[in-house]
Amino acid sequence: MSSVESQGASAGAPTLQPLLEARNLTANYGPIRALHGIDFEVRQGEVVVILGANGAGKTTTIRAICQMVATTGSIKLDGVEISKKSTTDIARSGVAHVPQGRGTFPDLSVEDNLMVGAFTRKDKPGVQADKDTWFSVFPRLAERRAQLAGSLSGGEQQMLAVARALMSRPKVLLLDEPSLGLAPIIVQDLFRRLGTLNKEQGITMLVVEQNANLAFDIADRAYVLEVGEIALQGTAEQLRSDDAVRRAYLGY
Amino acid sequence: MQARAEEIGTRGLMITGGVVVVLSLIFILMDGPGLFWKRFLDGLGNGFVYGAVALALVLIYKATGIINFAQGSLAMFFTFIAWVLSNEQSWPVWLAIVTAMAASALSAAAIERVLIRPFDPSNHLPITIITIALLSVIDGLALYIWFADPKGFPSPFPSTKGDVVTIFGARVFYAQIGIWSTVLITTVLLSLLLNRTRVGLAFRAVSSNIESSRLVGVHVGRTLQFGWALAAAIGTLAGCLFLSSGTTQLQPLFMSQILVFAFASATIGGLDSLVGAVVGGLLVGQLQTMIGGYVKFIGSDLVLATTLVLIILVLLVRPNGLFGSKRVERV
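Top line first, the protein sequences correspond to chains V and L. The opening residue of the first sequence carries number 1 in our numbering; numbering runs sequentially from there. The opening residue of the second sequence carries number 1 in our numbering; numbering runs sequentially from there.
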């Protein structure tokens, strides 16, 4: 594990400047506006969750960060404006994005998926060491390293997508509904692992999720989106005990 | 999620093998093994050329999902460039061919940048129409510059009357062996490039999932440009090789029939399989000579049509071709 720990070294002390910061962010699909000027931030070492019903704009928010939809407003990573960059350059500046529906490379082997995850890195020994690390974290992937990613089960593909994203040693990991289409027991395992990655390695995450119960277990803070606007925000504990959130998202 | 059914490669080989064995036995019984062997060797040269052009088509199809109809015209144009360099500038033939390949790669990269990249890569129709337009522009340009009269192409292989070996009783020109081995070496180099290098990894990633490629920092446009350049160079090599056997002369439309056979080869091989392209090429080459040789009532004019009918029959049984990936959904 040693090779991955270093990336979260500064996780302990929260810095004043957020790692990822969106201000007055709008997103548009042609004439249709899906986000109406939202503000949010993710600090170093945090897990932040964006909750919301279908169509609230969760996926749009996370796609807006990577310029996969047309946006206005400001998005800063480490204080640097990234909203005018291309998706490729945003990835190169340290944003790893696991898109909805896993986003593995189905025609590439498991091992090649990890290698392509490290595409922007130049340190060959470091890449090799990280690959070994992720194979030890996810032994199922190690067993299937020569298999095509498309032949893995849904849960295995999601693990692979996460490991692939972390191979780039990102500053922040974006996860778009990681629980989608997975069996409950697999989802629990996945969130337990995400929580561990955050606690032990200080990996900063922004997670879009409908499964609020699980998301609150690993989240530091959360935002609730309703029709393209932020309706509520606060720490995970605050929102978990909020009556409106309980009724709408926790179901009790 | 989409995945390739893994056993398809071997199943494709088994079906191919079975059909080939049965047909071969029938042919051997008809005219004896000597003539069969001679016809088989005759078919290899064309087959390898079809395979090489099919490789170029498959490279672009895998990455972009479109058929590049201008592939043959590009190859023809730069085969002319090789001819100009060797005949009019007296360059050594190999140097002329390699230079023409490099020039075709640069031109294809420029074409990709200017004519293809501005369009949405997921909308195939406009791009396909652009390649058809390119086909007529390049063909017209070649006719304008070089006219329609055929020209002799210098062979890069020893090709005097005496440059012949006898393999199990059949005479084979060195040029034929040169064509076979050049295509085989090209195929091996291509697979090393795609499977062992960084740019190859990027190319395979883009072929598999464009959106995720962007998300891991791959420059999708530049990677596709590389694919276009590579395909053009292979096409040009195939054009030069085809003329190396000396049976055909260089004129502006010499690639059009080869392109049709190469489409057929790529289709029968599965359109997205590099191995399939070469095997498909060899099969089509054999079908062409064997039909011409054994099924005499068809006559040489209808060989093309008959070959295509047989290919349609294959596709009725295996819609994804012999080696094509059958996309299966797994959630």
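Where a beta carbon is used, it is the ideal one built from N, C-alpha and C, also for glycine.
For residue i and chain L, any beta-carbon pair shorter than 8 angstroms?
{"i": "V/L206", "result": "no"}
{"i": "V/G253", "result": "Residue 253 of chain V is absent from the model: chain V starts at 1 and stops at 252."}
{"i": "V/T295", "result": "Residue 295 of chain V is absent from the structure shown; chain V starts at 1 and stops at 252."}
{"i": "V/S168", "result": "yes"}
{"i": "V/T60", "result": "no"}
{"i": "V/A91", "result": "yes"}
{"i": "V/F191", "result": "no"}
{"i": "V/D107", "result": "yes"}
{"i": "V/H36", "result": "no"}
{"i": "V/T133", "result": "no"}
{"i": "V/G79", "result": "no"}
{"i": "V/D176", "result": "no"}
{"i": "V/T26", "result": "no"}
{"i": "V/T120", "result": "yes"}
{"i": "V/D217", "result": "no"}
{"i": "V/D130", "result": "no"}
{"i": "V/D112", "result": "yes"}
Please report how far the alpha carbon of residue i lies from the alpha carbon of residue j, in whole angstroms.
{"i": "L/E211", "j": "L/V218", "result": "10 angstroms"}
{"i": "L/S273", "j": "V/S109", "result": "16 angstroms"}
{"i": "V/Q44", "j": "L/G200", "result": "35 angstroms"}
{"i": "V/G37", "j": "V/T26", "result": "5 angstroms"}
{"i": "V/G126", "j": "V/A118", "result": "10 angstroms"}
{"i": "L/M30", "j": "L/K38", "result": "14 angstroms"}
{"i": "V/L166", "j": "V/P99", "result": "14 angstroms"}
{"i": "L/D42", "j": "L/G239", "result": "18 angstroms"}
{"i": "V/L20", "j": "V/S151", "result": "35 angstroms"}
{"i": "V/N198", "j": "V/D89", "result": "25 angstroms"}
{"i": "L/I138", "j": "L/I111", "result": "12 angstroms"}
{"i": "V/D242", "j": "V/E209", "result": "18 angstroms"}
{"i": "L/A205", "j": "L/I81", "result": "34 angstroms"}
{"i": "V/L232", "j": "L/A133", "result": "55 angstroms"}
{"i": "L/G324", "j": "L/A277", "result": "10 angstroms"}
{"i": "L/L95", "j": "L/I66", "result": "32 angstroms"}
{"i": "L/I312", "j": "L/I268", "result": "9 angstroms"}
{"i": "V/A183", "j": "L/M255", "result": "55 angstroms"}
{"i": "L/M290", "j": "L/W180", "result": "18 angstroms"}
{"i": "V/D77", "j": "V/P170", "result": "The identity of residue 77 of chain V in the sequence shown is Leu, whereas the question assumes Asp. Looking at the two C-alpha atoms, the distance is approximately 11 angstroms."}
Applying the criterion that 16 or more other CB atoms from any shown protein chain within 10 Å of the CB defines a buried residue, is residue i buried or exposed?
{"i": "V/P18", "result": "buried"}
{"i": "L/W228", "result": "buried"}
{"i": "L/M14", "result": "exposed"}
{"i": "V/N54", "result": "exposed"}
{"i": "L/W83", "result": "buried"}
{"i": "V/E156", "result": "buried"}
{"i": "L/N123", "result": "exposed"}
{"i": "V/M1", "result": "Confidence in V/M1 is poor, its pLDDT being 39 and thus under 50, which makes the residue's placement unreliable; the coordinate value appears in the next sentence. V/M1 comes out exposed."}
{"i": "V/K58", "result": "buried"}
{"i": "V/K131", "result": "buried"}
{"i": "L/Y144", "result": "exposed"}
{"i": "L/F77", "result": "buried"}
Residues within the segment 145-163 of chain V neighbouring chain L, beta-carbon criterion of under 7 angstroms: If the cut-off is 7 angstroms between Cβ atoms, the segment 145-163 of chain V has L148, G150, S151, G154, Q157 near chain L.
The segment 203-220 of chain L: positions lying closer than 9 angstroms to chain V by Cβ: Against chain V - using a Cβ distance shorter than 9 angstroms - the residues of the segment 203-220 of chain L are R204, A205, S207, S208, N209, E211, S212, S213, R214, L215, V216, G217, V218, H219, V220.
Near-chain L residues of the segment 239-251 of chain V - C-beta to any C-beta below 7 angstroms: Listed by position, the residues of the segment 239-251 of chain V near chain L (Cβ gap below 7 angstroms) amount to none.
Inter-stretch contact at 8 angstroms, needing at least 3 Cβ pairs: the segment 52-69 of chain L / the segment 261-281 of chain L: Three or more beta-carbon pairs drawn from the segment 52-69 of chain L and the segment 261-281 of chain L are found closer than 8 angstroms, and the two stretches are therefore classed as touching.
Interface positions of the segment 185-201 of chain L facing chain V (Cβ-Cβ less than 8 angstroms), listed along the chain: When C-beta distances to chain V are compared with 8 angstroms, the residues of the segment 185-201 of chain L below that value are R198, L201, in chain order.
Contact the segment 245-260 of chain L vs the segment 138-150 of chain L: 3+ CB pairs below 8 angstroms: Yes, they touch.
Segment contact flag, the segment 199-219 of chain V with the segment 173-180 of chain V, C-beta cutoff 8 angstroms, min 3 pairs: Contact between the segment 199-219 of chain V and the segment 173-180 of chain V is present, because at least three Cβ pairs lie under 8 angstroms.
Selection of the segment 92-103 of chain V by Cβ proximity to chain L, strictly under 7 angstroms: Listed in chain order, the positions of the segment 92-103 of chain V with a beta carbon within less than 7 angstroms of a beta carbon of chain L are R92, H97, P99, R102, G103.
Three or more C-beta pairs below 8 angstroms linking the segment 78-95 of chain V and the segment 164-184 of chain L: They do not touch, by the three-pair rule.
Residues, ordered as in the chain, of the segment 219-234 of chain V that lie near chain L by beta-carbon distance below 7 angstroms: Of all residues in the segment 219-234 of chain V, none is placed with a Cβ closer than 7 angstroms to any Cβ belonging to chain L.
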